[in-house]
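Down below is the structure, laid out as structure tokens.
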Amino acid sequence: MADTSITKIDSRFSPKGKDGEKYLASGIHVAMRLWENEEPGEAKEAVTRPYETVGYVLSGKAELHIEGQMVLLEPGNSWVVPKEASHAYKVLETFTAVEATTPPAQVHGREDA
């Protein structure tokens, strides 16, 4: 039998992660999160994560530093961070983006890895 469950998330009431991200809809294999009005600042420390991330920029600008390369992210751009890739973000202009992670980032301590 097919899964017929429906999940609707109102981001006004979404829980926030320790880095300020809002958790949006989450399924068994993929989850969404919103980075909203992230302020400019120094590049964050490079990390690796046990999940793949794809993102889409809604507003602002940021640099994505990944495995020795730098990509400028601007409105309308999308990107991929492969599982276990060393990466860091540097917000240049107040930044809002939506990301999807697979498997879901917030489950089983994956964000702490």
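Residue numbering for the sequence shown follows full-length UniProt numbering, starting at 1 and increasing by one per position. Even glycine gets a Cβ: it sits at the ideal position worked out from N, Cα and C.
When Cβ pairs closer than 8 Å are counted between the two stretches, the segment 83–91 is seen not to touch the segment 10–28, the count staying below three. Exclusion of the five residues before and after V54 leaves V80, A100 as the residues of its chain whose Cβ lies within less than 6 Å of its Cβ. In the DSSP assignment, K18 is bridged to no other residue. In the same chain as A62, and ignoring 5 residues on each side of it, the C-beta atoms closer than 7 Å to its own belong to L73, Y89, K90, V91, L92, F95, in chain order. By the neighbour-count definition (other C-beta atoms within 10 Å, threshold 16), G76 is an exposed residue. Judged by beta-carbon spacing, A31 lies within the 8 Å limit of P104, meaning their Cβ atoms are closer than that value. Scanning the segment 32–112 from its first residue to its last, no whole alpha helix (DSSP H) run of 4-plus residues comes out.
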